[in-house]
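Numbering (my numbering) for the sequence shown: 56 to 224.
Cβ coordinates follow ideal geometry from the N, Cα and C atoms, glycine included.
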Amino acid sequence: MAVLRIRTIGDPVLREESRKIENIGDEIIRLAESMIETMRVYRGIGLAAPQVGESVSLVVVPSREDWEEAESVAIVNPVLSRLKGSIMGEEGCLSVPGFSENVKRSEHCVLTGQDLDGNEMRIEAQDFLARVFQHEVDHLKGVLYVDRLSPLKRQFVLKRIQRELKDRE
Ligand code: NI
């Protein structure tokens with residue numbers, strides 16, 4: 056288990072379409088464990104493999120709505136379904152450090168996939184957890200939450216982020 060380096064906006068790996076995982080071997084299990092550790096250390100609420108530089112279909116997310124209490128679970132090849140409703144809420148991302156914006160998401164969704172033993176998993180989520188699931192699955196498609204903003208807002212935010220990240224160098 057290791058704390059992995061978080062890739063930030065501008066890194067091309069965040070824009071790739073993630074590969075489906077055909078075989079859950081030691082490498083994937085190690086990656087998932089390190090992602091959970093990395094998420095804990097950086098106080099993230101959800102992390103997708105591309106954020107640590109691995110373009111594979113794997114996320115770690117809270118297992119229940121009371122995410123502060125819930126244990127984190129790894130989900131292999133996650134798929135969203137039953138997206139319903141629409142709600143605005145604040146969102147941030149470890150790959151876009153120091154920023155948060157209001158993003159429109161579905162209010163309800165179901166996440167299915169496999170656990171690290173290859174068992175089918177299904178988690179039904181509302182509100183905040185549903186938001187986390189949608190955000191993480193977006194990462195696997197190379198989509199960041201800033202892409203979900205209106206074009207004008209997105210441009211404004213991206214400029215501000217570029218300026219900010221340059222100042223930090
Ligand atoms: Ni994110």
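For Arg137, the enclosing beta strand (DSSP E) has its first and last residue at 127–139.
Using a cutoff of 6 Å, the CB of Cys148 counts as near ligand 1, since one of the ligand's heavy atoms is closer than that. Collapsing the DSSP output to three states places Glu77 in coil. When rounded, the separation of the alpha-carbon atoms in Ile64 and Pro152 is 9 Å. Straight through space, the alpha carbons of Ile91 and Gln217 are spaced by roughly 28 Å.
Between the alpha carbons of Leu69 and Leu213 lies a distance of about 15 Å. For the 7 Å CB-CB criterion, Phe188 and Leu166 form a contact.
If you look at Gln217, you'll find it in the alpha helix (DSSP H) that goes 206–223. Buried is the label assigned to Asp193, since at least 16 other Cβ atoms lie within 10 Å of its Cβ. Taken in chain order, the whole alpha helix (DSSP H) runs of length 4 or more contained in the stretch 157–205 are 182–195.
Between Asn132 and Ile84 the beta-carbon gap is near 14 Å, outside 8 Å, which marks them as no contact. At a Cβ-Cβ threshold of 7 Å, Ile142 and Glu162 count as neighbours. Annotation for Arg209: Val201 place their beta carbon closer than 6 Å to its own, counting only its chain and skipping 5 residues before and after.
Under DSSP, Val114 forms a beta bridge with Ala103, Ile130. By DSSP's assignment, Glu71 forms no beta bridge with any residue. DSSP places Glu120 in the coil class of the three-state scheme, outside both helix and strand. Judged by DSSP secondary structure, Gly144 falls within the beta strand (DSSP E) whose first and last residues are 142–147.
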